[in-house]
Structures are given as structure tokens and as C-alpha cells.
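Take a look at the structure below.
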Amino acid sequence: MRAIIVDDEAPARRRLRGVLQQIPAVTRIDECANGRDAALLLKRGAPDLVFLDIQMPDLDGFAVAAAASEERPPAIVFVTAYDEHAVRAFEIQAFDYLLKPFDDERVIATVNRAAEFLEWIRREGSSDSAFQGFGDVTVDFAKHLVRRGGRPAELRPKEYALLVALLKRGGRVASRLELLREVWGYAEDVMSRTVDTHVAMLRRKLEPDAAHPRHIVTVRTFGYRIER
0 MRAIIVDDEA PARRRLRGVL QQIPAVTRID ECANGRDAAL LLKRGAPDLV
50 FLDIQMPDLD GFAVAAAASE ERPPAIVFVT AYDEHAVRAF EIQAFDYLLK
100 PFDDERVIAT VNRAAEFLEW IRREGSSDSA FQGFGDVTVD FAKHLVRRGG
150 RPAELRPKEY ALLVALLKRG GRVASRLELL REVWGYAEDV MSRTVDTHVA
200 MLRRKLEPDA AHPRHIVTVR TFGYRIER
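And the structure:
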């Protein structure tokens with residue numbers, strides 16, 4: 000997996016490079032010290048993973064992200080010192096974000112999830128992907144059948160639609176608004192708590208411990224994602 004670090008601060012780039020060098024899945028690491036060079040690099044090449052600082056003097060991270068290839072978009076992880084940047088990051092379909100100062104474990108977990116996400120994207124492009132799942136849960140899209148531990152899991156239609164909407168993102172975060180539009184058509188009488196309620200029902204039916212979910216994970220203040 001090829002990773003690019005984009006940050007105007009050399010110590011921050013060195014810090015992140017040091018962590019990435021410990022991860023076997025990362026086979027190449029490139030660096031950019033400013034947003035304009037990064038935008039050109041993203042237009043020319045097709046990296047797998049980009050760690051992108053948001054606050055840079057010449058071109059901010061959001062503008063750089065817009066230059067990424069639409070045909071083969073990388074998994075973009077925004078790096079920021081401000082928690083409020085997270086909502087906008089996910090709105091433009093970032094894979095994740097890191098809040099400075101970050102610890103090694105957080106970076107490693109993010110890279111491992113990105114590797115799973117990219118592998119899922121590759122499978123989507125090379126097969127009909129009739130089956131997906133996580134943990135001991137499998138979903139047969141052709142038959143609209145969900146099994147847990149080999150046994151059928153009885154899901155209501157909206158629960159199944161919500162599960163499919165989350166699965167098809169391959170680990171990318173889905174906002175509550177995205178899910179409302181996709182699953183419920185975003186009628187005016189449907190509130191965002193509807194998503195939370197249905198997620199809670201999915202967890203009770205599919206998670207080993209609904210109170211401490213491992214696979215249907217909350218992204219604070221924004222939405223949900225699947226972790227395999």
C-alpha cells in the first residue's frame with residue numbers, strides 16, 4: 000500500500016512516517032510539504048492512502064482532497080488539531096481523521112482499516128460480491144438473507160436496508176443524513192434518532208455484545224461505519 004503524508008510541518012511528517020514504517024501493509028511512503036504539490040501529485044498518481052493536514056498556508060487539506068482521482072480515489076485521512084473539522088471531513092467522504100496529538104495505536108488501527116477498505120474495493124471491481132459480512136455475520140445479497148453464526152437472523156426491511164447501506168461503504172463512515180436519505184428517503188417526519196434506533200436494533204441482533212459493539216461502530220457526532 001502506497002501512502003502519502005501531506006503536512007507543512009517537518010516534525011509532524013517525521014512523526015507519522017515513523018509510525019507508518021512499522022506497518023507491514025505500507026510498502027511505500029511519500030511526503031509533500033505543501034498543499035499545491037500534493038494536489039499535483041494526487042492528479043498524476045494514484046496513492047492508496049493519504050494523510051492530509053487540513054491547515055496549510057498555501058492550499059488547505061479540503062482543497063487538496065478535491066484534486067484526488069475520481070476514478071480511483073484514495074482513502075483520505077485528515078489530520079487536524081481541531082475536533083470540529085471532523086464533521087466537514089466526513090461530509091466530503093474522508094475515510095477517517097486523526098486528532099493531533101495522535102498516538103501510534105490510533106494510526107495503526109486506521110491504516111489496518113484502510114487496508115481492509117481498499118481490499119474490499121478491489122473485490123468489488125473483480126467479482127459480483129454476492130456475499131459480505133463481518134465477524135460471524137454473512138449477508139447474501141441475492142437472497143436478501145442475513146445469517147449470524149450460520150443461523151438466519153430475522154431483520155425487518157428497514158434494518159436490512161440500513162445494514163446494506165453500511166456494508167456497501169466498505170468501512171467508510173456514513174453520516175446520519177446519508178442514511179436517512181438512502182434508507183428512508185429523508186421524509187420530513189423522519190428524524191435522525193430513527194437511524195440511531197435502527198442501529199441499536201441491528202446491534203442487538205448481530206453484535207456479540209450490543210452494549211459494546213465491535214462491528215457496527217459509532218463515529219462521534221457524525222454517523223456509523225462497519226468494522227470487520
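Residue numbers (numbering that gives the first Met the number 0): 0 to 227.
Note that CB positions come from ideal geometry on N, CA and C, so glycine has one too.
Pick out whichever of Val49, Thr79 and Gly170 has its Cα sitting closest to the Cα of Pro72.
Of Val49, Thr79 and Gly170, the residue nearest in Cα terms is Val49.
Using DSSP bridges, identify the partner residues of Glu30.
Its beta-bridge partners are Ile4.
Does the Cβ-Cβ distance between Arg147 and Val138 come in under 8 Å?
The answer is no: Cβ separation not under 8 Å.
What separation, rounded to the nearest whole angstrom, lies between the Cα atoms of Arg27 and Arg213?
The straight-line gap from Cα to Cα measures roughly 30 Å.
In chain order, what residues of the same chain lie with their CB nearer than 8 Å to the CB of Ala144, ignoring the 5 residues before and after it?
The question names Ala, but residue 144 is Leu in the sequence shown. The answer, listed in chain order, is Val138 and Pro151.
State yes or no: is the C-beta of Gly17 within less than 8 Å of the C-beta of Val63?
It is not a contact, given that the beta carbons lie outside the stated cut-off.
Note down, in chain order, each residue of its chain lying with its Cβ closer than 7 Å to the Cβ of Val25, except the 5 sequence neighbours on either side.
Here the set comprises Met0, Ala2, Leu19 and Val110.
Leaving out five residues on either side along the sequence, give the residues of the same chain with a beta carbon under 8 Å from the beta carbon of Glu158.
His197, Met200, Leu201 and Lys204.
In angstroms, rounded to a whole number, what distance separates the CA positions of Thr193 and Trp183?
Each residue's alpha carbon lies about 9 Å from the other.
Which of the three DSSP states is assigned to Tyr96 in this structure?
The answer is strand: DSSP assigns Tyr96 an E or B state.
Give the straight-line distance between the Cα atoms of Ser125 and Glu118, rounded to the nearest whole angstrom.
With a pLDDT of only 47 at Ser125, under the threshold of 50, the placement of this residue in the model should not be trusted; the figure read from the coordinates follows. So the alpha carbons of these two residues sit roughly 11 Å apart.
Beta-carbon separation of Gly222 and Val172 under 8 Å?
Yes, the Cβ-Cβ distance between Gly222 and Val172 is below 8 Å.
Alpha carbons only, please: which of Gly44, Pro23 and Asp52 is nearest the one belonging to Ala32?
Here the closest residue by C-alpha is Asp52.
Among the residues of its own chain, which have a CB less than 8 Å from the CB of Leu154, if the five just before and after it don't count?
Counting only Cβ-Cβ distances below 8 Å, and skipping sequence neighbours, we find Val145, Leu162, Leu201 and Lys204.
Pull up the DSSP beta-bridge partners for Thr217, would you.
Note: Thr217 sits in a beta bridge opposite Tyr223.
Which one of Gly60, Leu165, Ala209 and Ala114 has the shortest CA to CA distance from Asp47?
Nearest C-alpha to Asp47: Ala114.
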